[in-house]
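Structure, as structure tokens:
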Amino acid sequence: MMEQALQDKIINTIKLKFEDQVLHTETLYDFLTITLRADKVIGIIRYLYDHPDMKFQYLTTLCGVHYPELQQIAIMYQLHNLYNNMRLRLKIYLPESNPTVPTLTTVFQAANWMERETYDFYGVLFEGHPNLKRILNVDEMIIFPMRKEYPLEDQIRQDKNDSMFGR
Amino acid sequence: MELKETTDQFYQPEEKQYSYLNLGPTHPATHGIFQNVLKMDGEVIVDSTPTIGYIHRAFEKLAERRPFYQVTPITDRLNYCSAPINNIGWHMTVEKLLGVEIPKRVQYLRVIIMELARITDHLICNAVIGVDTGALTGFVYMFQQRELVYEIYEEICGARLTSNIGRIGGFERDFSPKAWEKIDRFLKEFPVVLKEFENLLKRNRIFIDRTVGIGGITAEKALNYSFSGPNLRAAGVDYDVRVALPYSSYQDFDFVIPVGLNGDVYDRFMVRQEEMWQSLSIIRQAIEKLPDGPFHADVPDFYLPPKEEVYNNMEALIYHFKIVMGETDVPKGEVYHAVEGGNGELGFYLISDGGRTPFRLHFRRPCFIFYQAYPEMIKGSMLSDAILTMSSMNVIAGELDA
């Protein structure tokens, strides 16, 4: 569990320079989560990378989440400061119809495949990405399969009734 | 010189000719399904383009349709060389979401299982490094020992490779006397074999010539590529999830994190070798300190009641039915839990909307993240070194492709 003072320090450091960008902060279990506006997220991550007190220089993971009711796709970035062992999660929300965000590969090379994976499954376009194409699925695929509108199984099957199992 | 100009009109000395070599997808030397299109200048690799996804099984999508307890067999198939770590990592993620207090005995038993799994994982990797440098003997010795660990799993959960070990809340049964006997046997036999294996390779001239300075990566680059696990430690960064964010009572044990210097194949080999010794020490400590108590936590909503009670007790029958049908209530929440897997930080990012299945489950798969540095690591090296680099990174196709 990260101390409250430390959490406040991170939030204040971001707010100092990007006051208008912070939408919401909360602690989810043991993880500080900050929701940001989408437009300057790469700038904020770069700022946290370079800042002498923050030094979030390790990208733990990056992934997409689809919220069909909100018609939004969230991108979650998890950063780690290995010096002080601080962790931070940044979330941004993009419109489902045209999810576009600048690439993080300018800060972390590790973001390359993570962003390709997010593009592959959610169709998020990462502007400036060096090689944005599908990574795990076949190139011919025309859908973005992790979006909630694509069910796992064929819905027109007649021979199988799973209604008893809640699906 | 004049002759050349007249006979070979197309000869251009400054333009180099490259050849392209398709390594994989099913190449016996790559230990899994990886394709690399290598741009070769003779025997030297100039560039490479990896293609992955050959065994993609859509785990993240599958998990969105499965009740929590049914996700465990999916995690088996991520890093199948150390499946119990994945299983227990997933159980701990759900327990974190539910806020379950886990008895000390369960935590210690889990540590024993996870360290055994770490040994099998490292053992395969190091044995295969031996094979790729031309030493098949050690491989056979080590694989006999892996068999002993699989027999221990078998005694505890009934399965061997894809173990599906334990339950949310603990284990399905306490370790039997037979299981303890097998663990004791392993602890007695394995150090001898490990020492012998180490002696075969550690100061072997041929092995050192083949591995030192090959496939190296600097600490800065490794961090920028988000390396974790033995590969990062070989580059000299002492990041280990077991110490950085202790889980399952790892803070109770005394162990050393080995670090390398150059991040080359030899350092990775030695880091894994030392970690196996440390794992053995952790297992011994855990057995020594093992407290008494229940072998599972008190979570009737998730932990199947014993069979006799299901037949004789109404309440147990209801719980059994609810668990099997996946009808238990789960709090809404967003939780990330990381464990030190066989080759790095294995993370589970779980979003629950209170439904019967995860709303979103993302696996942070260490292989997927560090394999993207592979083209850079093999640039300028020989083809045979590229094979060695891949096996020393311990890239597991199941984890890579999810």
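Quick mapping for you: the protein sequence lines, in order, are chains A and B.
Residue 152 in this note's numbering sits at position 152 of the first sequence, and the numbers go up by one each step.
Residue 286 in this note's numbering sits at position 286 of the second sequence, and the numbers go up by one each step.
Every residue, glycine too, gets a C-beta built ideally from N, C-alpha and C.
What three-state label does DSSP hand residue i in the structure shown?
i	result
Ser352/B	strand
Val37/B	strand
Asp47/B	strand
Pro230/B	helix
Met382/B	strand
His51/A	coil
Val237/B	coil
Phe31/A	strand
Ala338/B	strand
Met1/A	Low confidence applies to Met1/A: its pLDDT is 49, below 50, so where it sits in the model is not reliable, and the reading given next is rough at best. Of the three classes helix, strand and coil, the one that applies to Met1/A here is coil, per DSSP.
Arg57/B	coil
Arg360/B	strand
Tyr58/A	strand
Thr30/B	helix
Leu346/B	strand
Leu152/A	coil
Leu16/A	helix
Glu308/B	helix
Met393/B	helix
Identify every residue that forms a DSSP beta bridge with residue i.
i	result
Gly333/B	Ser352/B
Cys63/A	Met76/A
Pro258/B	For Pro258/B, which the question treats as bridged, DSSP gives no partner whatsoever.
Pro375/B	DSSP output for Pro375/B lists no bridge partner at all.
Asn81/A	Met86/A
Gly170/B	Arg167/B and His296/B
Ile92/A	Leu36/A and Ile75/A
Thr25/A	Ile34/A
Considering only the alpha carbon of each residue, which of the options lies closest to residue i?
i	options	result
Val271/B	Ile257/B, Ser281/B and Ile282/B	Ile257/B
Phe348/B	Leu97/B, Glu181/B and Gly293/B	Leu97/B
Met86/A	Pro95/A, Val101/A, Phe31/A and Thr106/A	Phe31/A
Phe302/B	Val243/B, Gly229/B, Tyr250/B and Phe171/B	Phe171/B
Val65/A	Pro145/A, Ile135/A, Ile45/A and Pro130/A	Pro145/A
Ile183/B	Val212/B, Leu161/B, Val149/B and Asn199/B	Val149/B
Met114/A	Arg364/B, Asp385/B and His31/B	Arg364/B
Leu152/A	Lys61/B, Asn313/B and Pro305/B	Lys61/B
Phe186/B	Gly215/B, Ala117/B and Asn204/B	Ala117/B
Leu136/A	Glu117/A, Thr100/A and Asn161/A	Glu117/A
Tyr20/B	Ile113/B, Thr49/B and Glu275/B	Thr49/B
Gly326/B	Arg356/B, Gly344/B, Asn394/B and Met314/B	Arg356/B
Arg242/B	Leu346/B, Phe139/B, Tyr225/B and Lys379/B	Leu346/B
Tyr141/B	Leu194/B, Arg173/B and Glu181/B	Leu194/B
Tyr108/B	Ile378/B, Asp252/B and Asn22/B	Asp252/B
Tyr371/B	Asn231/B, Ala235/B, Glu43/B and Arg284/B	Asn231/B
His129/A	Ile42/A, Asp8/A, Gln4/A and Phe18/A	Ile42/A
Asn224/B	Leu79/A, Val124/A, Glu3/A and Ile11/A	Leu79/A
Starting from residue i, trace the beta strand (DSSP E) in both directions and tell me its first and last residue.
i	result
Glu127/A	Leu125 to Glu127
Pro191/B	First-last for Pro191/B: Pro177 to Leu201, but that is the alpha helix (DSSP H), not the beta strand (DSSP E).
Taking the continuous alpha helix (DSSP H) assigned at residue i, which residues delimit it?
i	result
Thr72/B	Phe68 to Asp76
Thr120/B	Lys104 to Asp132
Asn22/B	Asn22/B -> not in any alpha helix (DSSP H); beta strand (DSSP E) instead, spanning Ser19 to Leu23.
Pro102/A	Careful: Pro102/A lies outside any alpha helix (DSSP H), inside the beta strand (DSSP E) at Thr100 to Pro102.
Arg272/B	Val265 to Lys289
Asp209/B	Arg205 to Thr211
Thr137/B	Leu136 to Cys157
Asp401/B	Ala397 to Asp401
Arg116/A	Ala111 to Tyr122
Gly326/B	Taken as a continuous stretch (DSSP letters only), Gly326/B belongs to no alpha helix (DSSP H), as it is neither H nor E.
Pro366/B	Pro366 to Phe370
Lys96/B	Ala83 to Leu98
Would you mind stating whether residue i and residue j have Cβ atoms separated by less than 8 Å?
i	j	result
His337/B	Thr133/B	no
Asn79/B	Glu399/B	yes
Glu340/B	Gly229/B	yes
Thr211/B	Phe175/B	no
Asp139/A	Lys133/A	yes
Tyr29/A	Val335/B	yes
Ser392/B	Ile129/B	yes
Arg167/B	Leu350/B	no
Val37/B	Ile282/B	no
Leu59/A	Ala111/A	yes
Gly263/B	Ala297/B	no
Lys104/B	Pro291/B	yes
Ile113/B	Ile88/B	yes
Ile85/B	Ser226/B	no
Leu201/B	Ala135/B	yes
Asp238/B	Val259/B	yes
Val395/B	Gly32/B	yes
Considering only heavy atoms of the ligand ZN, does any lie closer than 7 Å to the CB of residue i?
i	result
Lys17/A	Annotation note on the ligand ZN: not contained in the displayed structure, which lists no ligands.
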